[in-house]
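Structure first, commentary second.
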Amino acid sequence: MSNLIVGLDLGTTKVCACAGRKTKEEKIEVIGVGIAPCSGLHHGIVSNINTAISAIELAMSKVELVVGQSIKNVVVGMSGKSAKGTSNPGVITISKGREITRQDVNRVIETAKMISLPGGTEILHSLPQGYKLDGQTGIEDPSGMYGIKLECDVYIVTATATVIKNLIRCVEKSGYEPTGSPVLGLLAASHSVLSNDEKKLGVSLIDIGGDTTDMAIFIDGNLHYTFSLPVGSSHITTDISVGLRTSFVEAEKIKISAGSCLASLVEEGEEVEGVSLGDGKPQKFPGAAIAGIIEERMEEIFLLLKAEMKGVKGLKAGVVLTGGGALLSGIADLGQQVFNMPVRIGKPMNLIGLSETVDSPVYAVATGLLVYGIKNQTRHLPANPINKIGRGMKNFFSDLFE
Numbered sequence: 004m005s006n007l008i009v010g011l012d013l014g015t016t017k018v019c020a021c022a023g024r025k026t027k028e029e030k031i032e033v034i035g036v037g038i039a040p041c042s043g044l045h046h047g048i049v050s051n052i053n054t055a056i057s058a059i060e061l062a063m064s065k066v067e068l069v070v071g072q073s074i075k076n077v078v079v080g081m082s083g084k085s086a087k088g089t090s091n092p093g094v095i096t097i098s099k100g101r102e103i104t105r106q107d108v109n110r111v112i113e114t115a116k117m118i119s120l121p122g123g124t125e126i127l128h129s130l131p132q133g134y135k136l137d138g139q140t141g142i143e144d145p146s147g148m149y150g151i152k153l154e155c156d157v158y159i160v161t162a163t164a165t166v167i168k169n170l171i172r173c174v175e176k177s178g179y180e181p182t183g184s185p186v187l188g189l190l191a192a193s194h195s196v197l198s199n200d201e202k203k204l205g206v207s208l209i210d211i212g213g214d215t216t217d218m219a220i221f222i223d224g225n226l227h228y229t230f231s232l233p234v235g236s237s238h239i240t241t242d243i244s245v246g247l248r249t250s251f252v253e254a255e256k257i258k259i260s261a262g263s264c265l266a267s268l269v270e271e272g273e274e275v276e277g278v279s280l281g282d283g284k285p286q287k288f289p290g291a292a293i294a295g296i297i298e299e300r301m302e303e304i305f306l307l308l309k310a311e312m313k314g315v316k317g318l319k320a321g322v323v324l325t326g327g328g329a330l331l332s333g334i335a336d337l338g339q340q341v342f343n344m345p346v347r348i349g350k351p352m353n354l355i356g357l358s359e360t361v362d363s364p365v366y367a368v369a370t371g372l373l374v375y376g377i378k379n380q381t382r383h384l385p386a387n388p389i390n391k392i393g394r395g396m397k398n399f400f401s402d403l404f405e
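Sequential numbering of the sequence shown, starting at 4, is according to this note's numbering.
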């Protein structure tokens, strides 16, 4: 299994690893899955390195047990407020209007990356959003065409260098080697739970995690916008704990077993058994009250995301929900009410092997990292950034004086 690829999703409440490979029939086969509870990250940032390491080791040991071999390299995902995105245009001149080469396309992207970044920030992704050639828009790939002025809007995803280093350090101290830089979680998930048609039509992908809810908007097949809200499903658990006067652990159990996002879906008189705070005595809680607490918080989250989507046109495919929070009963119905557009639950698609095991929005990022890793497995570790800039500047000036 030399072509084995492993995606490692580092979340606030869990670490999830997914191993797979591409078959001779060009299908992606999932051959190992491991998941472990984790409390070593907060808003996507390492808060307790030893706790995070233990979770990684446990999840990866489960994968290795299933696949029957040791694993060395992993594709690491990152999410949360530390990752930010911005669009920036790039432009170059093609001398004598000659045929545009792949090198020219790479060069226009490099010019877009020449922006002023805050100190201690690194670029994770530079993703083309569309090209323009001699003023003509709607060009997907200018390679092989003729023109003089080539432009490209590029979506640049950055993250704080120390956040990246700490994530990588956790993985390395667990005994594994990251393949390249961390991958934006939602970008990875898009490879697993979104169809190409959805991305072309326009879709908002929302990952409801433990302490963050992350959103990525795809238009014309490309990533156009990202946003991270520092509120997630753990806040719902806290609301239930306070509202019912029960422990956080008990509130989490109640949320998972009987939680609903719509009070209207709960039958009249329905009750949920739990344990009260303090004396630990069994108690029955009204199901409608629990659903009311969940609905209020989820509606708040959706309204905040809707405000961020204001002004975005062309989301014809609607909204896709992933992450552990997407398991809540009635969440798609509530989403449709708030967003006033189609909403579905995003589960991994087009996989074979252990596809039934990962048939859940919980595995969206981990399987997405697997797919992303397979699609990019010929890529090597990032070159020295100074050398890359040097080569880019050399090509830039050489073309000017052709």
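Every residue gets a Cβ at the ideal spot worked out from N, C-alpha and C, and that includes glycine.
I'd like the list of long-range same chain contacts for residue i, defined as Cβ closer than 6 angstroms, with 5 residues on each side in sequence excluded.
| i | result |
| --- | --- |
| Gln339 | Val346 |
| Thr16 | Gly213 |
| Pro229 | The displayed chain sequence assigns Thr, not Pro, to residue 229. Answer for Thr229: Gly88 and Ala219, listed in chain order. |
| Gly262 | Ile297 and Leu331 |
| Val3 | As displayed, the chain neither begins before 4 nor continues past 405, which places residue 3 out of reach and without an answer. |
| Asn51 | Gly43 |
| His383 | Caution is warranted here: a pLDDT of 39 is assigned to His383, below 50, making its placement in the model unreliable, and the coordinate value is therefore given only provisionally. Within the same chain, His383 has no close Cβ partners at all. |
| Glu201 | Ala320 |
Once the 5 residues before and after residue i are set aside, which same chain residues still bring their CB inside 7 angstroms of it?
| i | result |
| --- | --- |
| Val341 | Glu302, Phe305, Leu306 and Lys309 |
| Ala335 | Leu324, Val346, Arg347 and Ile348 |
| Ser250 | Ser244 and Leu280 |
| Gln380 | Ile8 |
| Met344 | Leu318, Gly321 and Val322 |
| Glu180 | Lys75 and Asn76 |
| Pro285 | Glu276 and Val278 |
| Val252 | none |
If residue i and residue j are in contact, beta carbons under 8 angstroms, what's the gap, nearest whole angstrom?
| i | j | result |
| --- | --- | --- |
| Ala22 | Cys41 | Not quite, the Cβ-Cβ distance comes to about 18 angstroms (not below 8 angstroms), so this is no contact. |
| Val9 | Ile56 | The Cβ separation is near 17 angstroms, so there is no contact. |
| Val79 | Leu170 | 6 angstroms |
| Thr161 | Thr124 | 5 angstroms |
| Ala320 | Leu204 | 4 angstroms |
| Lys287 | Glu274 | 4 angstroms |
| Ile34 | Leu337 | Actually they do not touch by this definition, with Cβ atoms about 36 angstroms apart. |
Flag this pair as yes or no: are the beta carbons of residue i and residue j separated by less than 8 angstroms?
| i | j | result |
| --- | --- | --- |
| Lys25 | Asn6 | yes |
| Arg2 | Asp242 | Given that the chain is displayed from residue 4 to residue 405, the structure contains no residue 2 and the question cannot be resolved. |
| Asp12 | Val368 | yes |
| Leu265 | Ala292 | no |
| Ser177 | Met63 | yes |
| Ile31 | Leu354 | yes |
| Pro351 | Ala329 | no |
| Thr216 | His46 | no |
| Gly14 | Leu61 | no |
| Glu113 | Gly147 | no |
| Val159 | Ser129 | Looking at the sequence shown, residue 159 is not Val but Ile. Yes, the pair counts as a contact, with Cβ atoms nearer than the cut-off. |
| Pro131 | Val166 | no |
| Pro185 | Leu127 | yes |
| Tyr134 | Ile142 | yes |
| Thr182 | Gly314 | no |
| Cys173 | Val49 | yes |
Can you list, in chain order, the residues of its chain with a C-beta nearer than 8 angstroms to that of residue i? Leave out the 5 residues immediately preceding and following it.
| i | result |
| --- | --- |
| Gly393 | Confidence at Gly393 is low in this model, with a pLDDT of 46, below 50, so the placement of that residue is unreliable and no value is reported for it. |
| Glu359 | none |
| Asp144 | Val108 and Tyr134 |
What do you reckon, is the C-beta of residue i under 7 angstroms from a heavy atom of the ligand PLP?
| i | result |
| --- | --- |
| Val341 | Summarising the ligand content, the structure contains no ligands, and the ligand PLP is consequently not present. |
Q. Just checking, does the region 269-286 make contact with the region 211-231 on the three C-beta pairs under 8 angstroms criterion?
A. Here the region 269-286 makes no contact with the region 211-231; the two share fewer than three CB pairs at distances below 8 angstroms.
Q: Could you tell me whether the region 229-237 touches the region 78-90, where touching means 3 or more Cβ pairs closer than 8 angstroms?
A: Counting Cβ pairs under 8 angstroms, three or more are found: they touch.
Q.
Three or more C-beta pairs under 8 angstroms: does that hold for the region 364-372 against the region 20-39?
A. Contact annotation: the region 364-372 touches the region 20-39, with at least three C-beta pairs closer than 8 angstroms.
Q: Examine the Cβ distances between the region 188-195 and the region 147-155 and report whether three or more of them are shorter than 8 angstroms.
A: By the Cβ criterion, the region 188-195 is not in contact with the region 147-155, since fewer than three pairs of Cβ atoms, one from each stretch, lie closer than 8 angstroms.
Q. Are the region 86-96 and the region 106-124 in contact at 8 angstroms, needing three or more beta carbon pairs?
A. The region 86-96 vs the region 106-124: in contact.
(Q) Which complete beta strand (DSSP E) runs does the region 335-374 hold, if anything under 3 residues is left out? (A) Counting only runs of 3 or more residues that sit fully inside the region 335-374, the beta strand (DSSP E) segments are 346-348 and 354-356, in chain order.
Q: Return the chain-ordered ranges of every alpha helix (DSSP H) run that is complete within the region 35-118 and spans a minimum of 4 residues.
A: The qualifying runs are 52-70 and 105-115.
Q: For the region 156-223, list the beta strand (DSSP E) runs that are entirely contained and at least 3 residues long, ordered along the chain.
A: Unbroken beta strand (DSSP E) stretches of 3 residues or longer found wholly inside the region 156-223: 206-211 and 216-222, given in chain order.
Q) Where in the region 262-310 do unbroken runs of the beta strand (DSSP E), each at least 3 residues long, occur, reported from the N-terminal end onward? A) The region 262-310 is shown to contain whole beta strand (DSSP E) runs of 3 or more residues at 274-278 and 285-289, in chain order.
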